[in-house]
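All remarks here apply to the structure that follows.
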Amino acid sequence: MGGEISLRQGSSVVIIGGGPAGSLFAHFLLKYARQQHLSLKVTIFDHKDFLKKGPPGCNLCAGIIAESLNEKLKKEGIYLPEKRIINRLDGYCLHLKKKAPPLHLTCAENQINCIATVYRGCGPRFSRFPEVISFDDFLLTWAQDMGADWQATSVTGLTLPQYSHHPILVHYGSASSPRTMEADLVVGAFGVNSSLLNRLKQLNFGYRPPRTLVTCQAEFKLGKRAINKLLGNFIHVYMLHTRPFKYATFIPKGDYLALTLIGRHNLEANDLELFLQTEEIEPELLAWIKTPNCRCFPRITISSARHPYYHRLVIIGDASFSRQYKNGLESALVTAQLAAWTAVFKGISQADWRENYHRLARKIIGRDNLYGRWLFHLNNLVCSVPILTDIHFDLASGRPRKNSIQTHRLRSILWNMFTGNIPYRQIFKNLLDLKLQFFIMKESFKYLWRRLIKITINRQSHNQPPE
Ligand SMILES: Cc1cc2nc3c(=O)[nH]c(=O)nc-3n(C[C@H](O)[C@H](O)[C@H](O)COP(=O)(O)OP(=O)(O)OC[C@H]3O[C@@H](n4cnc5c(N)ncnc54)[C@H](O)[C@@H]3O)c2cc1C
72 MGGEISLRQG SSVVIIGGGP AGSLFAHFLL KYARQQHLSL KVTIFDHKDF
122 LKKGPPGCNL CAGIIAESLN EKLKKEGIYL PEKRIINRLD GYCLHLKKKA
172 PPLHLTCAEN QINCIATVYR GCGPRFSRFP EVISFDDFLL TWAQDMGADW
222 QATSVTGLTL PQYSHHPILV HYGSASSPRT MEADLVVGAF GVNSSLLNRL
272 KQLNFGYRPP RTLVTCQAEF KLGKRAINKL LGNFIHVYML HTRPFKYATF
322 IPKGDYLALT LIGRHNLEAN DLELFLQTEE IEPELLAWIK TPNCRCFPRI
372 TISSARHPYY HRLVIIGDAS FSRQYKNGLE SALVTAQLAA WTAVFKGISQ
422 ADWRENYHRL ARKIIGRDNL YGRWLFHLNN LVCSVPILTD IHFDLASGRP
472 RKNSIQTHRL RSILWNMFTG NIPYRQIFKN LLDLKLQFFI MKESFKYLWR
522 RLIKITINRQ SHNQPPE
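Take any residue in the sequence shown, count from 1 to its spot, add 71: that is its number in our numbering.
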């Protein structure tokens, strides 16, 4: 156990950020340390109070819990209590084209019970819930029950050691009462909406934060009945063609309808107003969503960080590796587990992080994102060329051949892309299946042939002289 520099009895571990990455790191670290009869002093720093409503208590996200994340949490004995789950949804509804019928992909056809949604904090501004519903509070409380201590203040900076056997200095507290403590290991789980990203970059140990995109998250209070009437029990994803937007996702969450907007570039406050006037969304739905009850403009990662480690320092979660557009919460768990395993079983020197944590995280998430990027490019292409959209819609909705194996395969590819339940690499491999490609080509030719005949008949009838 342990490399050149390693954790010892009584070592002090500081975790910056009590979001999912930070709390789950504490869980795995304390679990592995117990297995090795190692006693550690773990402190989580986070100024956010997850019991508050609105952005001050929330880690700014849509709150969809992927089935694969749920399974991983259960494996750790972490069962999300029923009262923290806001909705259980039946699947996804994809709107590929304006005014065209949507494509329903259900949990039932994919043998999944349902999709759970949560609030990261205690709900939108001015909302009323009879109980504590925060997902992040649940994980932070779990970490505290495991033995971690929570300090409700923020970390303002770090002083890296001159020699690898020296501790890191952690600076924290308010400007009026700054404080410093020594740590044998520091874990950066501060996400991508933190000023620490740039401060760590300026320490010149090689860290380059991931590239990010400013998105928009808004909550509208419509009431359960109206939401059910408008959207049913489904998450609705719109592929948008009006600039600057790319995707809009509507998620039923109790009395609220959550909207996540992703653009082609950083979104600004007036982009939400622009979106609320778009003609790409059904007017019946737009009529209901006028002024959001709560809104924020969080950053989403679109690449991986570089060199997220140093002697006695490792960066996890969004601030290092996260899956492109999907399951950031699960990436937080994966990176937390890899880093905790490295810290306890391998060591905490640069070389230990590089050969263990970084190598594996890059393989599992970083490289997989390359396939994800290709898949999303392909999806954008299909959605921006009307004839390709029509062909794919017909094939996925089973119009040419109901219940064909290839239709199921195509639907399962779309399902996995939108839920992120399996690695992008696997989805890509499934898409390249020869039988599926042959089916797509054959049905595309048939579709084009039918369209050609229709156009010819129309032309001929136009050219006939009136009787
Ligand atoms: C619009 C949007 C929608 C999303 N929807 C989903 C979804 O539906 N499902 C999903 O799985 N993922 C989703 N994600 C991604 C998900 O939010 C992130 O991947 C996830 O929150 C990353 O967890 P984290 O712990 O790394 O960072 P965060 O959740 O950002 O947590 C970081 C924590 O660090 C704290 N912190 C920051 N700076 C300091 C400091 N200096 N000192 C002390 N503490 C500090 C913060 O207060 C915060 O609590 C979405 C992201 C966006 C932007």
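We put the CB at the ideal spot given by N, CA and C, even for glycine.
Between residue 199 and residue 188, the alpha-carbon positions lie close to 17 Å from each other. The segment 161-169 and the segment 223-234 do not touch, with fewer than 3 CB-CB distances between them shorter than 8 Å.
For residue 341, the uninterrupted alpha helix (DSSP H) segment begins and ends at 340-346.
Under DSSP, residue 158 forms a beta bridge with 188. In the DSSP assignment, residue 444 falls outside any beta strand (DSSP E) and lies within the alpha helix (DSSP H) extending over 438-455. Proximity of the beta carbon of residue 93 to ligand 1 is indicated: a heavy atom of the ligand is located closer than 8 Å. Pairwise C-beta distances place the segment 426-442 out of contact with the segment 277-290, as fewer than three of them are shorter than 8 Å. In the DSSP assignment, residue 310 is bridged to 318. Residue pairing by DSSP places residue 291 opposite 328 in a beta bridge.
Residues of the same chain with a CB within less than 6 Å of the CB of residue 373, apart from the 5 flanking positions on each side, are 282, 284 in chain order. Under the DSSP assignment, residue 251 falls in the beta strand (DSSP E) whose first and last residues are 250-254.
Checking the 8 Å criterion, the Cβ of residue 369 is within range of a heavy atom belonging to ligand 1.
An exposed status is given to residue 512, since fewer than 16 other beta-carbon atoms sit within 10 Å of its beta-carbon. Under DSSP, residue 220 shares a beta bridge with 114. As summarised for the segment 385-419, the continuous alpha helix (DSSP H) elements at least 4 residues long and confined to that stretch are 399-412, given in chain order. Taking the Cβ of residue 385 as the reference point, every heavy atom of ligand 1 lies at 8 Å or farther away.
Segment contact: the segment 405-415 against the segment 86-97, three or more CB-CB distances shorter than 8 Å; contact assigned. For the pair residue 177 and residue 333, the Cα-to-Cα distance works out to about 23 Å. Within the chosen limit of 8 Å, ligand 1 reaches the beta carbon of residue 132 through at least one heavy atom.
If you draw a straight line from the Cα of residue 402 to the Cα of residue 530, it is about 55 Å long. When the five nearest sequence neighbours on each side are left out, the beta carbons in the same chain lying within less than 6 Å of the beta carbon of residue 462 are those of 515, 518, in order along the chain. Looking at the backbone, the Cα of residue 447 and that of residue 90 are separated by about 28 Å.
Within its own chain, the residues whose Cβ lies closer than 6 Å to the Cβ of residue 186, once the five positions on either side in sequence are excluded, are 160, listed in chain order.
Shown here, residue 479 sits in a helix according to DSSP, grouped into three states. The segment 340-358 makes no contact with the segment 248-258, as fewer than three CB pairs between them are under 8 Å. Around residue 365, the same chain offers 125, 195, 196, 290 as residues with beta carbons nearer than 6 Å, after the five sequence neighbours per side are excluded.
Judged by beta-carbon spacing, residue 338 lies beyond the 9 Å limit of residue 321, meaning their Cβ atoms are not closer than that value. Per DSSP, the unbroken beta strand (DSSP E) holding residue 243 starts and ends at 239-243. Annotated three-state conformation of residue 279 is strand, per DSSP. Taken through DSSP and simplified to helix, strand or coil, residue 323 comes out as strand. Residue 336 sits exposed, since fewer than 16 C-beta atoms from the chains shown fall within 10 Å of its C-beta.
Residue 174 carries a strand assignment under DSSP once its states are collapsed to helix, strand and coil. For residue 496, the enclosing alpha helix (DSSP H) begins and ends at 495-502. Residue side-chain check: residue 316 keeps its Cβ at 8 Å or more from all non-hydrogen atoms of ligand 1. For residue 381, the secondary structure class from DSSP, reduced to helix, strand or coil, is strand.
Ranked by Cα distance from residue 191, the options 123, 222, 83 are led by 123.
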